[in-house]
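One structure is given here, and the rest of the page talks about it.
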Ligand code: 6PG
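Residue numbers (UniProt numbering): 2 to 466.
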C-alpha cells in the first residue's frame, strides 16, 4: 500500500504533524536528512507505526507515495526550502505537489510560486506549536485552489476545530497569501505576549506581587473576556517552580527574548504597506531591546533601577489588557485588508478570524466576536464595530490610567502605550499634521491642501521667512 502523503523534515513540528496525519488514518511516508532521526521517529511511533513509512533516501520517499504525490516540507525557512525543492525537482512529476509548511517569508513563497518549478507548489502557514501540530493546528494555505482542494481532505482531518465545530484550516488566497496571514498571526502573537508581559511587570514591580499571586490573577482573567491560550499559559508559567532552586520559574529566567523573525517581518511589511501597526512594532522593538542585556545593565548602573510602585488594581489591569488587545487586533486586521488590496488578494477577514479561533497560539474567546464583527462589515475598522466600540469605551479609561500611572512610575509599557497613542490619533479628526505639511511646504515647496478647499496650495513663506 502506498502512502497518501509524504513529509520531509522530522524536527519537532514535522514529527508532530506526521503523527497527527497518521493518527487521522492517512498512511504517510517520511524522510529526514539524518537517517537516524527517521529511524528514531518510526521506532517511537507506537501504534501509529503501521501507517508510517520511514524512508532513507529522497528517491525512496518519492517512490513510497501514491500518485499524484503530495509532499509536505517542514524544514527551516529560507535556503533549506530552496535546496529541498531543487533536490526534489528531478524526482517529481508535473502533477506532484510540494507544500511548504514552514514559517516561510511570504515573498519567498510568491517567488517560488512564480518560479518554473517542475511540480505544483503550495505555501502553508501552520500554527499551534508542537501540541497544535500533533493534535490540531490552525492551517493557513496559499496557492492555487485546485492544489489546495487536493490536500484539503488531509488538512481538514488534522486541523483544529473551533467550539462550534468550524474548521480552522482554509485557503487564504494565491501564492504567498497563507504565509502572509501566518506572518501577521505571529506579529499579533508578539504583541499579545508583550502586552501580557507589560502587565506582568506592573504586577511584579509596581504591585510587588509574588509569582503565584500573579498566576492566580491570570487564571481568573482566563475565565473572562481575556480567555485565551496565551493568558492560560501565562498562569501556568507563573505558577511553575524551578526544580533546581524551588523559586518561581519566571524568577530564574533571563529577560532576553529570542525571535526567529516573523514578528520583525510583519513590522517591516507594515511599513511597506503604510499600515499602522504600532502595537506589533513596539513588541518587536521590545524584544530587540531585551536582547541588549549588557547595555541595559550599563543603563541601570548609570541611571538607577527604574520602576516604582503603582496604585492599580487587577481589574484595571485586566481592562487595560482588553483595550490593548482590541487595538492590536484592529491594527493587524487593517494591515491584512491593506495587503489584500495591495497584492491583489481577496483575503477573507472574518474567515481569518475564524481560522485563528482554535489550534493556533493566538486563539482566544475574543476572536469569536471579532469574526462576527468583521463578518458584519469587513471594511470597517474593528474599533468602530458596535460591539468593540462599546468594549473600548468601557475599558479605555483603565488603559489610560494604567499607561499614565505606569509611565509616571518608570515602567516601560511600549505596546500598551503605543496602542493608546494610536487610538488617540485615530479618534482625532483634526490632528497636527497640518504643521508637518506647512514645514514640508516651507523647505521643499511640497504643497498642501487647505481646510476651506480653496485652490491655493503654498504658504507665504518667502515673505515671512
Ligand atoms: C506558531 C508560532 C510559531 C513560532 C514560534 C516562535 O504559530 O505556532 O508562531 O510558528 O515559530 O512561536 O517564534 P519566535 O521564535 O519568533 O518567537
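By construction, the Cβ of each residue, glycine as well, lies at the ideal position given by its N, Cα and C atoms.
message: Taking 8 Å as the limit between beta carbons, can you name the residues of its chain near residue 378, skipping five residues before and five after?
response: Locating residue 378 in the chain shown gives position 377, counting from the first residue. Non-local C-beta neighbours of residue 378 in its own chain, meaning closer than 8 Å and more than five positions away in sequence, comprise 386, ordered along the chain.
- prompt: For residue 322, which option in 402, 353, 249 and 291 has the closest C-alpha, if you only look at C-alpha atoms?
  reply: The residue you call residue 322 lines up with position 321 of the chain shown. Ranked by how close their Cα comes to the Cα of residue 322, the residues 402, 353, 249 and 291 have 402 in first place.
query: Where does residue 75 sit, in a helix, a strand or coil, going by DSSP?
result: Your numbering for residue 75 matches position 74 in the chain shown. For residue 75, the secondary structure class from DSSP, reduced to helix, strand or coil, is coil.
query: Taking 8 Å as the line, does the beta carbon of residue 362 fall inside it for any heavy atom of the ligand 6PG?
result: Along the chain shown, read from residue 1 onward, the residue named residue 362 stands at position 361. Because some heavy atom of the ligand 6PG lies under 8 Å away, the Cβ of residue 362 counts as near it: yes.
- request: Use the C-beta contact count for residue 10: other C-beta atoms within 10 angstroms, 16 or more gives buried, fewer gives exposed.
  value: On the chain shown, residue 10 is found 9 positions in, with the first residue counted as 1. Classification of residue 10: buried, given that the 10 Å Cβ count is 16 or more.
query: With a cut-off of 8 Å, do at least 3 Cβ pairs link the segment 277 to 286 to the segment 189 to 205?
result: Of all C-beta pairs linking the segment 277 to 286 to the segment 189 to 205, three or more are shorter than 8 Å, placing the two stretches in contact.
- request: Using a Cβ-Cβ cut-off of 9 Å, state whether residue 230 counts as contacting chain B.
  value: This model lacks chain B altogether, as it is built from one protein chain only.
- prompt: Since residue 7 and residue 73 are thought to touch, with beta carbons under 8 Å apart, how far apart are those beta carbons, to the nearest angstrom?
  reply: The sequence position of residue 7 within the chain shown is 6, counting from 1. The sequence position of residue 73 within the chain shown is 72, counting from 1. Correct: roughly 7 Å between the Cβ atoms.
Alpha helix (DSSP H) runs wholly inside the segment 269 to 338, at least 4 long, in chain order: Listed in chain order, the complete alpha helix (DSSP H) runs (minimum 4 residues) inside the segment 269 to 338 are 279 to 292 and 294 to 304.
message: Let me check understanding here. Comparing Cα to Cα, which of 361, 339 and 393 lies closest to residue 380?
response: Position 379 of the chain shown, counting from 1, holds the residue named residue 380. The shortest C-alpha separation from residue 380 is found at 339.
task: Determine the direct distance from the alpha carbon of residue 247 to that of residue 262, and round the result to whole angstroms.
output: Start at 1 with the first residue of the chain shown, and residue 262 comes out as number 261. Start at 1 with the first residue of the chain shown, and residue 247 comes out as number 246. Distance between the alpha carbons of residue 262 and residue 247 is about 33 Å.
- request: Return the CA-CA distance between residue 466 and residue 430, expressed in angstroms with no decimal places.
  value: Here residue 466 refers to the residue found at position 465 of the chain shown. Here residue 430 refers to the residue found at position 429 of the chain shown. Bear in mind that a pLDDT of 48 at residue 466, under 50, signals an unreliable position, so the model cannot answer this.
- prompt: At a cut of 8 Å, does the segment 47 to 64 reach the segment 12 to 28 through at least three beta carbon pairs?
  reply: With the cut-off at 8 Å, the segment 47 to 64 and the segment 12 to 28 touch.
query: Hey, quick one: how far does the beta strand (DSSP E) through residue 173 stretch, first residue to last?
result: Taking the chain shown and counting its residues from 1, the one referred to as residue 173 is at position 172. That run of the beta strand (DSSP E) goes 170 to 174.
task: Only counting runs of 3 or more residues, tell me where the beta strand (DSSP E) segments fall wholly within the segment 127 to 174, in order along the chain.
output: Taking only runs of at least 3 residues, the beta strand (DSSP E) segments lying wholly in the segment 127 to 174 are 139 to 143 and 170 to 174.
message: According to DSSP, simplified to helix, strand and coil, what is residue 101?
response: As a position in the chain shown, residue 101 is number 100, starting the count at 1. In the structure shown, residue 101 sits in a strand (DSSP, three-state: E or B).
task: Could you pull out every residue in the same chain whose Cβ sits closer than 8 Å to the Cβ of residue 157, ignoring the five residues on either side in sequence?
output: Here the question's residue 157 lines up with position 156 in the chain shown. Closer than 8 Å at the Cβ level, and outside the excluded window around residue 157, lie 168 and 170.
task: Enumerate in chain order the residues of its own chain whose CB-to-CB distance from residue 101 is below 6 Å, with the five nearest sequence positions on each side excluded.
output: Translated into positions along the chain shown, residue 101 becomes position 100. Apart from sequence neighbours up to five positions away, the residues of its chain that approach residue 101 with a beta-carbon distance below 6 Å are 74, 82 and 124, ordered along the chain.
message: Let me check one thing: in DSSP terms, what residues is residue 16 bridge-paired to?
response: Your numbering for residue 16 matches position 15 in the chain shown. Note: residue 16 sits in no beta bridge, so no partner.
Boundaries (first-last residue) of the beta strand (DSSP E) holding residue 6: Numbered from 1 along the chain shown, position 5 holds the residue referred to as residue 6. Its beta strand (DSSP E) spans residues 6 to 9.
message: What would DSSP say about residue 466, mapped onto helix, strand or coil?
response: As a working mapping, residue 466 is identified with position 465 in the chain shown. The pLDDT assigned to residue 466 is 48, lower than 50, so where the model puts this residue is not dependable; a value taken from the coordinates is nonetheless given after this. Residue 466: coil per DSSP, three-state reduction.
field: Close Cβ partners of residue 277 (< 7 Å) along its chain, the five nearest in sequence each way excluded
entry: Numbered from its first residue, the chain shown carries residue 277 at position 276. Once the five neighbours on either side are set aside, the close Cβ partners of residue 277 are 332 and 423.
query: If we ignore side chains and look at the alpha-carbon of each, how far apart do residue 411 and residue 215 end up?
result: Taking the chain shown and counting its residues from 1, one reaches residue 411 at position 410. Taking the chain shown and counting its residues from 1, one reaches residue 215 at position 214. C-alpha separation (whole angstroms): 20 Å.
task: Compare the beta carbon distance of residue 77 and residue 94 with 9 Å and say whether it is the shorter of the two.
output: For the purposes of this step, residue 77 is identified with residue 76 of the chain shown, where counting begins at 1. For the purposes of this step, residue 94 is identified with residue 93 of the chain shown, where counting begins at 1. Their beta carbons are not under 9 Å apart, which means residue 77 does not touch residue 94 by this criterion.
message: Taking the straight line between their C-alpha atoms, what separation do you get for residue 23 and residue 62?
response: Stepping through the chain shown from its first residue, residue 23 is reached at position 22. Stepping through the chain shown from its first residue, residue 62 is reached at position 61. Distance between the alpha carbons of residue 23 and residue 62 is about 16 Å.
message: From the DSSP secondary-structure annotation, give me the bridge partner or partners of residue 54.
response: Counting from one through the chain shown, the residue named residue 54 turns up at place 53. Beta-bridge pairing links residue 54 to 30.
field: Proximity winner among 426, 425, 17 and 449, relative to residue 436 (alpha-carbon distances)
entry: Against the chain shown, residue 436 aligns to sequence position 435. Of 426, 425, 17 and 449, the smallest CA-CA separation from residue 436 is found for 449.
- request: Tell whether a beta-carbon distance below 9 Å holds between residue 143 and residue 116.
  value: As a position in the chain shown, residue 143 is number 142, starting the count at 1. As a position in the chain shown, residue 116 is number 115, starting the count at 1. Their beta carbons are not under 9 Å apart, which means residue 143 does not touch residue 116 by this criterion.
query: Can you name, in chain order, every residue of its own chain whose Cβ lies under 6 Å from the Cβ of residue 153, other than the five neighbours on each side?
result: Numbered from its first residue, the chain shown carries residue 153 at position 152. Counting only residues of its own chain and dropping the five nearest sequence neighbours on each side, residue 153 has no CB closer than 6 Å to any other CB.
- prompt: For residue 250, which residues of its own chain have a beta-carbon under 8 Å away from its beta-carbon, when the five flanking residues on both sides are left out?
  reply: Within the chain shown, residue 250 is the residue found at index 249, counting from 1. Taken in chain order, the residues that qualify are 212, 238, 239, 241, 242 and 243.
query: Whole beta strand (DSSP E) runs in the segment 173 to 256 with 3 or more residues, listed along the chain?
result: You should have found no qualifying run.
query: Considering only residues of the same chain and omitting the five flanking positions on each side of residue 462, which have a CB-CB separation below 6 Å?
result: Your numbering for residue 462 matches position 461 in the chain shown. Only 443 meet the Cβ criterion.
- request: Would you tell me roughly how many angstroms separate the C-alpha atoms of residue 14 and residue 453, rounded to the nearest one?
  value: Position 13 of the chain shown, counted from the first residue, corresponds to residue 14. Position 452 of the chain shown, counted from the first residue, corresponds to residue 453. Cα-Cα distance, rounded: 59 Å.
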